[in-house]
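Chains as they are written, first to last, in the working numbering: chain A, 1 to 81; chain B, 82 to 576.
This is how it looks when you write it as structure tokens:
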């Protein structure tokens, strides 16, 4: 699965969880840049991404993801296994 | 033994600054700062603020050494800090500045959001020489800090705490028999606008230990786990939502270094606590409780690893009153209830605020005298058993707690109604999912769905991020109950 596709799927997941009609996520986007991306919605985003891509993250992997690009990379490495 | 602010706070702090110079005092954003760094930061700020003629000084609550040093510089000069959150709407912060009547703000930011007021840019000050002398002509009735919490009338309300209140807390903390020393690694995960931060930065500095802060830019539970995992935390006061969010990952957490794990700020679920206790096999776990009005916390329960723990509806007991605090449960005539009967928990003692800032109506409502003692009504519905252990059942009013933040639903409603010029009814509803996570939903009695976007922007101008409703719903007519009042329960079921 290519990165562009993962970014686009993530965009949809973020919009659903954060209740927004559109969001312009970039690889550098992090929690402080997006209204409503907090502890609770972060849990929901991770959980929805795990379901959508059929993967499971370890906690130590999650805390290393400092922005959307790193989340995307982590998904890509798991999906391609 | 003396229990004054000077004896319990100033003297131990000055001792840490002078005799633990090479110890780490802070770990902030991946960098350590020694007690020498702290002493220099305090000194450079003190040199400037000693000329400020006013007692109450605003402090932009950033996560850096200058901000923490500012607090101690102010206290050594007998002044009081009023934290202003850098991420909260400027309108709300300016309202606080005007309510207190402040003319000076200490700000460690690169550029300040404040104009038309004297701003001291603390990061730009340069260190000349140490100023750790202390004259101490101050009274324990002088103020130490003023915090603003959600107010039901649409404006935040100020809770001033005196030096004597803070000293009372430190004295009660010592009596809990928590043995910390200069080798401890202590967590500080709270914004400085939240009073649990005071315990988190103050207690470690009094004994020469290191404070590990959580950046406000990070997702809290992730940042806490990272510090736990990589920095071997030994003492941590947290809100229960941290372990609630970590619950799916508990089999991955092993933190044998943790010695004391305290919880405060919201109800602590017994099942989360039991799971957490297996992640920190060597720690004592305490559930502590207290409103800002009674300085940080004032009741304590030690979780039993073996044997039964007292609980109500799956929520752990908040235990007994700590040293210096008196707790009673009363009915609506302020009569003390017998054991195990539900009523309102009221608090008195050395940690109690002198009263809300310039708010005689609220003071009349929230405080009362009983047999010569002044009590504060917490609004928490509780019982006390014959051992003196207190169980929490819920709120008397419409206050909810989200991740420890106090939210008056009526404050959100007030601001939303103002948006519609008070012509349209609105209700803010707390909604709980299957995992007991709470979100705020705002319901507007209107079909004008197009107003949602501008309403949302308006709310963000006046309310802090944790008070912004997750969703805005529209209903043509609100259902009414038998008393012709808006039926909130019915509305909840319709969402």
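Cβ coordinates follow ideal geometry from the N, Cα and C atoms, glycine included. Note that the coordinates shown come from a computational prediction; the quantities given were computed from them, not determined experimentally.
- Assigned with DSSP and collapsed to three states, residue 345(B) falls in coil, not helix or strand.
- In terms of CA proximity to residue 506(B), 555(B) leads the group 480(B), 555(B) and 474(B).
- For residue 301(B), the uninterrupted alpha helix (DSSP H) run begins and ends at 301-312, by DSSP.
- Membership of residue 44(A) in the alpha helix (DSSP H) is indicated by the continuous run 39-53.
- Excluding sequence positions up to five before and after residue 395(B), its CB lies within less than 6 Å of the CB of 350 and 351, all in the same chain and listed in chain order.
- The region 457-519 of chain B contains, as complete alpha helix (DSSP H) runs of 4+ residues, the segments 490-500 (chain order).
- Among the bridge pairs identified by DSSP, residue 534(B) is matched with none.
- Per DSSP, residue 255(B) has no beta-bridge partner at all.
- When secondary structure is reduced to three states using DSSP, residue 442(B) falls in the helix class.
- With respect to chain B, the C-beta atom of residue 69(A) has no partner C-beta closer than 9 Å.
- Judged by their CB atoms, residue 485(B) and residue 320(B) are nearer to each other than the 9 Å cut-off.
- Following the DSSP letters along the chain, one finds residue 356(B) inside the alpha helix (DSSP H) bounded by residues 351-360.
- Per the C-alpha coordinates, the member of 386(B), 398(B), 359(B) and 98(B) positioned closest to residue 368(B) is 398(B).
- Interface annotation, residue 348(B): not in contact with chain A, CB-CB separation never under 9 Å.
- Residue 378(B) has a beta carbon lying at 9 Å or more from every beta carbon in chain A.
- A direct Cα-to-Cα measurement between residue 200(B) and residue 224(B) gives close to 21 Å.
- Only residues of its own chain outside the window of five on either side were considered, and among them none has a CB closer than 6 Å to the CB of residue 207(B).
- Judged by beta-carbon spacing, residue 381(B) lies within the 9 Å limit of residue 257(B), meaning their Cβ atoms are closer than that value.
- The count of Cβ pairs closer than 8 Å, one atom from the region 260-269 of chain B and one from the region 236-251 of chain B, stays below three, leaving the stretches out of contact.
- The CB of residue 301(B) comes closer than 7 Å to the CB of 39 in chain A, given here in chain order.
- For residue 402(B), the closest alpha carbon among the candidates 391(B), 496(B) and 430(B) is that of 430(B).
- DSSP links residue 224(B) through a beta bridge to 243(B).
- By DSSP's assignment, residue 426(B) forms a beta bridge with 410(B).
- If you draw a straight line from the Cα of residue 83(B) to the Cα of residue 546(B), it comes to about 42 Å.
- Cα atoms of residue 558(B) and residue 524(B): separation of roughly 11 Å, rounded to the nearest angstrom.
- In this structure residue 280(B) is buried. Its beta-carbon is surrounded by 16 or more other beta-carbon atoms within 10 angstroms.
- Within chain A, 40 have C-beta atoms less than 7 Å from the C-beta of residue 518(B), given in sequence order.
- By the rule that beta-carbons nearer than 9 Å mark a contact, residue 55(A) does not touch chain B.
- Between residue 32(A) and chain B, the shortest Cβ-Cβ separation is below 9 Å.
- At least one C-beta of chain A is nearer than 9 Å to the C-beta of residue 333(B).
- Using a Cβ-Cβ cut-off of 9 Å, residue 322(B) is close to 39 and 40 of chain A, given in chain order.
- In the displayed model, residue 119(B) falls within a helix according to three-state DSSP.
- Taking 9 Å as the threshold, the shortest C-beta distance from residue 487(B) to chain A does not fall below it.
- Taking residue 30(A) as the centre and dropping the five residues before and after it, the same chain places the C-beta of 66 and 67 closer than 7 Å to its C-beta, in chain order.
- In the three-state reduction of the DSSP assignment, residue 365(B) falls in the strand class.
- Secondary structure at residue 378(B): coil, using DSSP grouped into helix, strand and coil.
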